[in-house]
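Have a look at the structure below, then the notes.
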Amino acid sequence: MLTVENLTVRFPTRFGDTTAIENININVQAGEIHGLVGESGAGKSTVGAAVIGLLQTPGYIAEGSIMLGDTDLRALGVNQAHALRGKRISMIFQDPQTSLNPLMTVEDQLVETILAHEKMSADEARTRAIDLLEEIGIKNAAERIKSWPHQFSGGMRQRVVIALALCTNPELIIADEPTTALDVAVQSQVLDLIRSLADKRKIGFILITHDIGVIAQIADRVTVMRNGHVVESGETAQVLGRPKHAYTRALMSAVPPMDHKIDRFSVPTTEGIEGTSVSTGDLAEQWLLEEKGLSEGEQKELSIGLSIEALDVRFSGTRKSLWRKPEDFIALDKISFNVKPGSIMGLVGESGSGKSTVAKTITGLITPNSGTMMLGNEVLPAGKSRSRKHPSRRIIQMVFQDPYSSLNSRHKIGSILTEPLWFYGLEKDPAKRQELAASMLALVGMAPDAIDKYPHQFSGGQRQRIAVARALLARPRFLICDEPTSALDVSIQAEILNLLKDLQSKFGLTILFISHNLSVVRQMADDMVVLRNGVIEEAGKTEDLFERPQAEYTKKLLSLTPVMPKDWA
Amino acid sequence: MKKRSLRHSALLSSVLVSLAAGVSATGASAETFRWASNTDPQTMDPHAVNSAPVLSFLNNVYEGLVRRGEAMAIEPSLATSWEPLVGQNGWRFHLRENVTFQNGAAFTAEDVLFSYQRASSEAADVRSWFAPVADVTVVDDYTIDFVTTAPNPLFPDSIANFMILDKGWAEKNNAVLPASDAENFATMNVNGTGPFVLSSRDPGVKTVLKPYSGWWDTATHNVTEAVFTPIGNPATGIAALLSGEIDFIQPIPLQDAKQVESRKGFKILEGEETRVIMFGFGHEHEKLLYSSDVKDANPFKDPRVRLAASHAINMASIDRVLFRGKIEAASQLVPAGISGYSEKNAARHEYDPKRAKELLAEAGYPNGFSFGLKCTNDRYINDEALCRAAASMLSAVGLKAKLSTGPVRDYWTQLRADDFDMYLLGWSPGTFDMEHPIRFLLHSQDDAKKLGSWNFGNYSNARVDELLPLIQQEINPTNRQNLIDEVVSITQKDAAYIPLYTQPLIWATKENVDMTQRADNFFLLRWVTVN
Amino acid sequence: MFYFIYKRLIQSVFVMLAVAFLAFSLFRFVGDPITQMTGVETSVVDQERLREELGLNDPFISQFGRFTVDMLQGDFGYSFRTRQPVAEMIASRIPATLELGVVALLISLVVGIPAGVYTALRPRGVITQTILITTLIGISIPTFVIGIMLIFLFGVQLGWLPTFGRGETVNIGFWESSFFSIDGWRALILPAVTLGVYQLTLTMRLVRAQMMDVMRSDYIRFATARGVPMRQLYFRHALANTMVPVITIIGLQFGGVIAFSIVTESVFQWPGMGLLFLESIRFVDIPVMGVYLVVIAFFFVVVNLLVDLLYVAIDPRLRV
Amino acid sequence: MKEFIKRSEGLWLFTRSPAVMIAAVIAILIFIGAAFAPWIASVNPYDLGSFSLMDGLLPPIWQEGGISQFMLGTDDQGRDMISSILYGARLSLLIGLSAMAIATVLGVGLGLAAGFYGGRFDAIIMRIADIQLALPAILTALLIDGIARGILPPEVQQDLRVVVLTLAIALSLWVNFARTARASTFVEMNKEYVQAAIIMGQGPIRIMFIHILPNILGPLLVIMTVDLASAILLEATLSFLGIGLAADSPSLGTLIRIGMQFMLSGEWWILWIPTLFLVALVVSINTLGDFMRDVFNPGLR
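Protein chains in written order, with the working numbering: chain V, 1 to 569; chain L, 1001 to 1531; chain R, 2001 to 2320; chain B, 3001 to 3301.
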């Protein structure tokens, strides 16, 4: 049905034209879900945009043909192409939060889209819209259709988005990361919906995603892309189960398995990191170990634990009326857990479960309503009562989720890295600070000359390494990693996870590892806690929890996470 | 505008102006006469405020015992004749009979007495006119006596703007006294005996007058309705005139006169006001306030320094460039034509920078000195430009003037606070007699006797102080002129002030309108004819 | 939401009081009302007596207290210059200024929004560049020069429009309006254009920037991807979403319009509050100046409140 | 050279937009002319002794009566127009730049603090901003002018008019900066680098100025250019309303105000030459501001 041949897209820049994708061939049949997988920068989205004719200016199609049935999409005029959009090809975007016009009701948007393509009365369009909503699984659609987008939850919103894409019975839907912003439970429902639409309505899908698990779960065929080229293409089971190409194999091996724990990830390719002489990191290593002159083994005994007792956090709600008191929102409901010295504790939960609130409370960003926190044997003052000079400010360090915003983009790497040394008074001599920072970069696997560059000159994975280096330069004993890899590609994720593991074991760090990704936690954590709506659902040894989950919620989470069929791996 | 400049300047104004020159304005309607001025009369109460816009406007509605003719001379109005009282100081006025107010009430001596009481009350701003009056007595319905404390030959001249209200009307409407803090009936309503009656008033926007059919005098105007609009921005005013929306405007900026005149259908009325523009000094200050080099002395105490300043000013070039040849240089504090003007002392200190430098050297300042010159920028025609030019001329002889200009709203306050070294002042004698400036500007300051109240620098000369009462009381014109000549000669020698020029009057009107331009800048509708 | 409005009201009162206080304190420095109120021949003694009567010798705080208390009781005092009640003077001038301001604002919206949309959708076009440069030149010439230029062009030269004033007005109750006569409208055009040109440029540039931003948003891309007609896309989707920030700025600008109307009114002899205020400054008419400022602050506060309500009307997310 | 230009996005864009280049050339010429006015101008228009009324009202050289000594003619005082304009631009730019600088420091400081602390502090700052917005610029100018006159000794007042005017303009412009800085700070506050700094225990001053400020400079720079232009225009307007500078030390605005008197009298150059100059200056500053916004916000291109 859709045949893309030799598609090449170029973007003119001040350095001349750059090629975004080159010689892409893709074939999608009716009722087929065609997965398009690859890491960021692979050109997946450009393929989708080129097919629907919405390339970001000034990009242009340099070569190739795109045929939808008998229609040559490249031959269409501007108006014809626009008329075709929605009618025969539609598209779903990643974030349901931003995909809907916030100022129009769902009904308006549906009716408008239907009327744009079909000759019918507004009433008929409305009836059709309601039917559509029913079909994609919105209950009480006749009522709900009058709502505004913000009145739907994330999953429901993505359903509305799909309904909008379905309005006029398109032959092809391009779904660009349709579930990336969703929790696992919702993700699974949306994927089911897509599958059933493909089967029932015989719609062809191009499913663009970086999540190999998702592909494995629903795609019929898959195309693996890298740097604008097709690496491998074919039946899903064949490509993922018996990959021919080395890249695909490496990619598969970087995916953390859900069903067993592995020691280290085998890293597919390098960003030119391993090549740097590891010996330059010796200085930093020595420095990290030299505290009180202990050897590597003894250092571990200095490890510090954290115990949390009945921690309760409430946020005051917005006042809705003059006479009513605002209702509090309970973020954490008297939770207690214990992070053993020198261990990694995993904290798992869906969005809104309170994971990040835990991290913020421990770091003092949030003042809890009640509860105590003990760092080692000492009480950790909470929130605002923790003085700026409190020793825990150094002992507890944090690695954030978004490597793009966690480094100040206007500061050089050197100044970012030496800041803790200077600030905590760990090293008085500025020259030594530079030296140490450079060495720490080597320790986390980066070239020491990065010190003179700015964050934007690095990729996400490299930035996350820098963030880890910054945390280490405070000589921490306790590290909080809040979704440290969720913004990264799977191969980079593997590298960072390896790095964290290595450092943890070498320096006897205690780590609180926060993630929504169960398979990652399984690889990383000794113990884990499952959090839901501010309440601990289950806690225990990681292996026990995965093998013998007790709580219903944990079971559900485990069952919904897309996994690759065992025989593929 | 020169024809040539058109070819060279593609800029809009020239084009506009030149193109417009060919378009004739629409003719003024004989029915309605529209005129504009830059200030709205702030009240309709003739006694509340002693300001030219109010008095000028109300002269169309109210009348006094006497009035001024086209040439400023006193002529009978509500009084048909007057003579000095016999046996005591003062004047007797014989009132006109068969005069009715605009509400129909008859005019009698009681109304004059009432108006006197009203105008001399504490709430009246014009009460200073009646400072010499000891008593007023009604002799009969049409005769009234004003008794003065001393012989006062000028008294009838000084009350030309003393307007008569109807006693009954004022009492009925609770306007016995001028409004002092709140409004009263008379601030927005009128009831005079004059040629025009107020038809509607929207303060600051529009005031409409209609002829009063019961006026005692023969109307020489042909105006059936007169609409007054204040227009503050001079350019807007000119535009309104040129577009035909108004028939007459007073005053216009003098640099625009040529442009208006060059257009078909418009003309300019030029004349001289009675106002003399002058510089004053801080005679009594111990030291200069604004000097950067002379800190602890006041060179202006020395008449030679003041004389030097006077010799430094080139009136001819000020006239040519700034005033486009429209001003008359002044030698004394009143212009020629005002009673008491000293023919004997008509010569100005001529422009002589060399002499000025010599005088400065004699006074001990061969290199001059710096000082502050204070000026208004919104009070007199071209006041700011004048001061800039003067400062430049003074600097040329070594009198390095630091100019500071500001709006008039706090200018007098600064002058009263002695916050100046040298300053600009314009003076128009309210009585049209030389005695007026002598009393206000030349006599030593004396708050109790209300003398020298605008003599900010406190110029003080014992002989002048001695001469003022003599002048005030002298009935014989020749003797009186001699006394005045003496004052003028003393103050000229002393260079008490530097009189500069008489302020010009530039009015613009449609060509088909005839009117009289009076030297006090009053515009009276009764002299308007629209052809 | 009611709580929100309630909070807003409290804040507004505070803002107005503060403006009144600031305003009042500045009048002490503007000049001396007495010398402006009296003629040249008035003696110093009489001036002093008048000053005492008007309470100008009282301590500043008691003057301000009296001013505030009187005002809260609805007594706005009397003008020093004309002796008329200030409330009446200002009230009679409000319609002129408001009508001028509203029409100027309308011009800026009616022209500015489409121009902003156009220049956003065709960012590289010749027309766009022309519009951008012309408006830039328009706001670079001081308002007073533009006003006089327009007067001479349309009033004197072409004779199409009046050069000053409001023309014929119609009274509707206390409201004196120029909206109900041809003459009134003709008189309104030039000053409104003069006043509106600056706002127009601001509005246009703002709409343009916002529009360009919105056009890149996901929901516009999604709407494009499902083939919503272009016209609907631009005007229903994009423009509506542009409006939220635009309204804020326009609301703030209304204050600017009223303030800048001082210049426009003085050039066109437009009998509004600004003209009255300028005259009041000239004559140091403290009561009028004080009330003017409070009225301005009141407008500002009301407009701000309206803007907040308008937000709620436009954006369903704010309707809690 | 070409490679060097390509390395910087801004420079590259610059070389590709002729309008921006022209604007830059004009702006630079005016800035240089203004900065070096005392060395370029033939006379010092502020020195009363250096010109003569005798030379008054001479037209530009290409018009009949013009003389080569005064290329663009003279005003009613006999001042050379070129010199007046150069000195006027100098003063206008001085006022504009310092007003902008003060407004920036004040506005950005308050906006940063409001965004950083939020809550009650933010509310108070924003209400102060409201009060400022409710006071038109002319009134602020009157207020400052009045206070200065009330507290300063007379001999310095005249010299300080520039300061007074600058302060008045700065006060009416700071709100823009405060609002923008506040909004941007709110955005930055949610970024993790700020949280990292807070967690470390760094002081608020350091976080605000070392960490946040460099990240919000982009939009502020745009406002700075736009406000520089408005400051220059505002000064002209205040001058028209009679609270500007004295006529003997004119800024561009004052020159235009004075020139208005000659709109009809035939001496067109006294009004239109400074106006043309002001337009050129303001348009080029604004064009550069637009260009900067485009560079800082690539999405708008």
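The beta carbon of each residue, even a glycine, is placed where N, CA and C say it ideally should be.
Keep in mind the model is a prediction, meaning the values are calculated, not measured.
{"Query": "Sub-8 Å separation of I1144/L and V1133/L beta-carbons", "Result": "no"}
{"Query": "Rounded C-alpha distance that separates S3083/B from I3067/B", "Result": "15 Å"}
{"Query": "contact_flag[the segment 1415-1422 of chain L, the segment 1466-1476 of chain L] where n(CB pairs < 8 Å) is 3 or more", "Result": "no"}
{"Query": "Cβ-Cβ distance between F1130/L and S1120/L below 8 Å", "Result": "yes"}
{"Query": "Local conformation of D1520/L per DSSP, three classes", "Result": "coil"}
{"Query": "Any chain L beta carbon closer than 8 Å to F2004/R", "Result": "no"}
{"Query": "CB contact below 8 Å: W1035/L versus chain R", "Result": "no"}
{"Query": "Endpoints, alpha helix (DSSP H) assigned at G1340/L", "Result": "Counting along the chain, G1340/L falls outside any alpha helix (DSSP H), and DSSP gives it neither H nor E."}
{"Query": "Assigned exposure category for G2184/R - 16 Cβ within 10 Å defines buried", "Result": "buried"}
{"Query": "F3036/B versus I3199/B, G3010/B, L3093/B and S3052/B, residue with shortest Cα-Cα distance", "Result": "L3093/B"}
{"Query": "Coil, strand or helix - N1189/L by DSSP", "Result": "coil"}
{"Query": "Three or more C-beta pairs below 8 Å linking the segment 1337-1356 of chain L and the segment 1303-1315 of chain L", "Result": "yes"}
{"Query": "Through-space distance from T1229/L to V1023/L, alpha-carbon basis", "Result": "With a pLDDT of only 38 at V1023/L, under 50, the local geometry of the prediction cannot be trusted, and the value read off the model is given with reservation. V1023/L and T1229/L: Cα-Cα distance of roughly 24 Å."}
{"Query": "Whole-angstrom C-beta distance between E2279/R and G2272/R, which should lie under 8 Å", "Result": "That pair is no contact at about 11 Å."}
{"Query": "N-terminal and C-terminal residue of the beta strand (DSSP E) that V4/V is part of", "Result": "L2 to T13"}
{"Query": "Minimum Cβ-Cβ distance from A3134/B to chain R less than 8 Å", "Result": "yes"}
{"Query": "Exposure label - V1530/L; buried when at least 16 CB within 10 Å", "Result": "buried"}
{"Query": "Contacting positions in the segment 2276-2295 of chain R - beta carbon closer than 9 Å to chain L", "Result": "L2276, L2278, E2279, I2281, R2282, F2283 and V2284"}
{"Query": "Spatial distance of M2037/R from V1049/L (CA atoms)", "Result": "7 Å"}
{"Query": "Residue interval of the alpha helix (DSSP H) (run including M3263/B)", "Result": "Element bounds for M3263/B: n/a, residue is neither H nor E."}
{"Query": "The segment 2136-2154 of chain R: positions lying closer than 7 Å to chain L by Cβ", "Result": "I2148, M2149, I2151, F2152 and L2153"}
{"Query": "CA nearest to the CA of L545/V, picked from S316/V, V521/V, L73/V and S343/V", "Result": "V521/V"}
{"Query": "Sheet register partners of T127/V (DSSP bridge)", "Result": "BP columns for T127/V are empty, so no partner."}
{"Query": "Delimiting residues of the alpha helix (DSSP H) encompassing G3109/B", "Result": "M3081 to Y3117"}
{"Query": "Through-space distance from L1424/L to G1232/L, alpha-carbon basis", "Result": "23 Å"}
{"Query": "Short CB-CB distance (under 8 Å) between M120/V and chain R", "Result": "no"}
{"Query": "Complete runs of the alpha helix (DSSP H) confined to the segment 373-421 of chain V [at least 4 residues]", "Result": "392-395"}
{"Query": "Cut-off 8 Å between Cβ atoms - residues of its own chain near M3054/B, not counting five sequence neighbours on either side", "Result": "G3078"}
{"Query": "Chain L contacts from the segment 2069-2091 of chain R (Cβ-Cβ distance under 8 Å)", "Result": "Y2078, R2081, T2082, R2083, Q2084, P2085 and M2089"}
{"Query": "Distance, A438/V Cα to P430/V Cα", "Result": "12 Å"}
{"Query": "8 Å Cβ cutoff met for E1511/L and G1265/L", "Result": "yes"}
{"Query": "Buried versus exposed call for T13/V [16 or more other C-beta atoms within 10 Å across all chains shown]", "Result": "exposed"}
{"Query": "Chain L contact for F3277/B (CB, 8 Å cutoff)", "Result": "no"}
{"Query": "Cβ shell of S99/V (< 7 Å), same chain only, five flanking positions each side left out", "Result": "F93 and V161"}
{"Query": "Interface positions of the segment 2229-2258 of chain R facing chain V (Cβ-Cβ less than 8 Å), listed along the chain", "Result": "P2229, M2230, Q2232, R2236, H2237, A2240 and N2241"}
{"Query": "Any C-beta of chain L under 8 Å from that of T2035/R", "Result": "yes"}
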